[in-house]
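Q:
Numbering (the numbering used here), first residue to last: 2 to 163.
1. With distances taken from CA atoms, which of 44, 13, 10 and 11 is nearest residue 26?
2. Return helix, strand or coil for residue 136, following the three-state DSSP convention.
3. Please report the residue range of the beta strand (DSSP E) in which residue 155 lies.
4. Ordered along the chain, which non-local residues of its own chain (more than five positions away) have a Cβ less than 6 Å from that of residue 154?
5. What residues match up with residue 125 in a beta bridge as DSSP calls it?
6. Quick one: which unbroken alpha helix (DSSP H) runs of 4-plus residues sit fully inside the stretch 37-121? Chain order, please.
7. Buried or exposed for residue 149, going by 16 or more other Cβ atoms inside 10 Å?
8. Between the stretch 60-80 and the stretch 5-19, do three or more beta carbon pairs fall short of 8 Å?
9. Check the C-beta distance from residue 122 over to residue 156 and give it rounded, since I have them as a contact under 8 Å.
10. What are the boundary residues of the alpha helix (DSSP H) that includes residue 27?
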């Protein structure tokens with residue numbers, strides 16, 4: 002096993018493997034259905050193929066979340082370690098891998114609250130001691146409500162970081 006961290010492409014390769022296995026199961030099922038003697042043996046195969054659909058969906062959601070996490074690492078998007086509603090800020094609730102804004106009702110089909118933000122950078126937030134971080138509009142709104150003695154500075158249109 003490699004020490005290299007899996008990529009979204011690696012996860013999607015697993016999806017291709019699951020899809021190929023599902024197709025093989027469906028082919029076997031079809032072959033067995035064509036014989037009167039073996040027709041009664043195939044009922045579990047439909048269930049097995051269906052479970053692979055669930056596996057593929059879980060892998061696709063994982064690949065999407067991994068892509069969001071990896072995009073945060075490059076420093077071009079907000080890296081605050083929890084997500085927000087881009088319009089309303091810190092108003093999200095998550096359950097069962099889904100997230101909803103308590104204010105506008107917008108939903109996401111992944112745990113947006115549990116992964117790094119990933120929204121475009123818009124501001125530099127600096128606390129009273131001089132520590133700073135770059136943030137998106139929504140995290141900046143939240144920081145502004147909580148910040149005591151600090152400053153919030155808009156980035157220039159090109160994402161300049163003073």
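Yeah, the Cβ is synthetic: ideal placement off N, Cα and C, and Gly gets one too.
A: On the basis of the data shown:
1. Out of 44, 13, 10 and 11, 44 has the C-alpha closest to the C-alpha of residue 26.
2. Reduced to three states, the DSSP call for residue 136 is strand.
3. Counting along the chain, the beta strand (DSSP E) containing residue 155 begins and ends at 152-155.
4. Here the set comprises 125.
5. In DSSP, residue 125 forms a bridge with 135 and 154.
6. For the stretch 37-121, whole alpha helix (DSSP H) runs of length 4 or above, ordered along the chain, are 44-74.
7. The residue in question, residue 149, is exposed, as its Cβ has fewer than 16 Cβ neighbours within 10 Å.
8. Counting C-beta pairs closer than 8 Å gives three or more between the stretch 60-80 and the stretch 5-19, which meets the contact rule.
9. Cβ-Cβ separation between residue 122 and residue 156: approximately 6 Å, consistent with a contact (criterion under 8 Å).
10. Looking at the DSSP string, the run of the alpha helix (DSSP H) that includes residue 27 is 9-34.
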